[in-house]
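Residue numbers (the UniProt record's numbering): 1 to 318.
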């Protein structure tokens, strides 16, 4: 270990890998946003700022051979640790989420429903003053998220241009709290295609076609990330209160997609999760264990609040 690598920097790097892992895990679940996790764990603004600095100034620094300044300017150590965690979360949990959504969907949705509720309780404090502009922005966010949730899922496709487009749009959703990148992939009809490709790659069961599809999708994600982060960074700099209120609205509006009391229609109940058509069920008609679902919701919400309190008191480095 080099001498300049202090103990606190090691702790910060480990914490950022863990933060990234949580983001990657969240992004595998339709209805859950990695951006929400970033807000909860306190590194959202730093993430957006770092990504937005991949710009002409960075290229100028690199072309002049000023490598150390380039690393500091883009906060590369932070991005590298976070990126490692995100990749680990995505690769290790894509298969598990596949199984959970197939076999334990109500319980899985209950956990994430609670996580979102707890997140909203925390993030509301990020708006210093709730006036008319903030309320309007919040309502607009709610309306946008609800409208997106009612868009029917597409049949998808595996053409390279379509996968590039899917990736560029989904990554924008992944960094927005409340809009799930995985849910956007469902709308495009490629969620199970992408998670299947990731699962196959992890188990070394990939083909050249699968690798090219995954590579093009990743390029689409990179393009969307760089383009959208700059706009979001500007909004947070110049209209922070209204922007945060809109993000809270997106989170509120997305809650309905994770309502645990959903069941497949009779015609699609025997199919895999990706082919099922879901419908909402009232508590009175639910045949499962309501107390279990309620307990999971409450426990998940309290867990988010507890983690946030611990992180605040410890003053963990970001």
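All C-beta atoms in this analysis are idealised placements derived from N, C-alpha and C, irrespective of residue type, glycine included. If you're wondering where the values come from, they're calculated on a predicted model, not measured in any experiment.
Problem set entry | Within the region 183-253, ranges of the alpha helix (DSSP H) (whole runs, at least 4 residues) | 191-202, 208-238
For this session: Use the C-beta contact count for residue 5: other C-beta atoms within 10 angstroms, 16 or more gives buried, fewer gives exposed.
Result: Here the model assigns residue 5 a pLDDT of 42, short of 50, so the residue's position is not dependable, and the following value carries that caveat. Burial call: exposed.
Exercise. Buried or exposed: where does residue 212 fall if 16 or more other Cβ atoms within 10 Å of its Cβ makes it buried?
Worked result: exposed
Exercise. Which residues in the same chain as residue 171 place their Cβ atom closer than 6 Å to its Cβ, once the five residues preceding and following it in sequence are excluded?
Worked result: 221, 224, 225
Problem set entry | Three-state class that DSSP yields for residue 150 in the structure shown | coil
Exercise. How is the beta strand (DSSP E) around residue 266 delimited, first residue to last?
Worked result: From DSSP, residue 266 is part of no beta strand (DSSP E); its letter is neither H nor E.
Exercise. Residue 50 and residue 78 look like a contact to me (Cβ under 8 Å); what is the Cβ gap, rounded to whole Å?
Worked result: 6 Å
Exercise. Considering only residues of the same chain and omitting the five flanking positions on each side of residue 137, which have a CB-CB separation below 6 Å?
Worked result: 242, 245, 246
For this session: Would you tell me roughly how many angstroms separate the C-alpha atoms of residue 296 and residue 23, rounded to the nearest one?
Result: 20 Å
For this session: Note the first and the last residue of the continuous alpha helix (DSSP H) segment covering residue 63.
Result: 56-63
Exercise. Considering only the beta carbon of each residue, do residue 263 and residue 277 sit closer than 7 Å?
Worked result: no
Exercise. Is it buried or exposed for residue 27, if we count other Cβ within 10 angstroms and need 16 for buried?
Worked result: buried
Problem set entry | Beta-bridge partners of residue 109, as assigned by DSSP | Per DSSP, none; premise fails for residue 109.
Exercise. Smallest Cα separation from residue 298: which of 234, 231, 238, 113?
Worked result: 113
Problem set entry | Continuous alpha helix (DSSP H) assignments of at least 4 residues falling wholly in the region 289-313 | none
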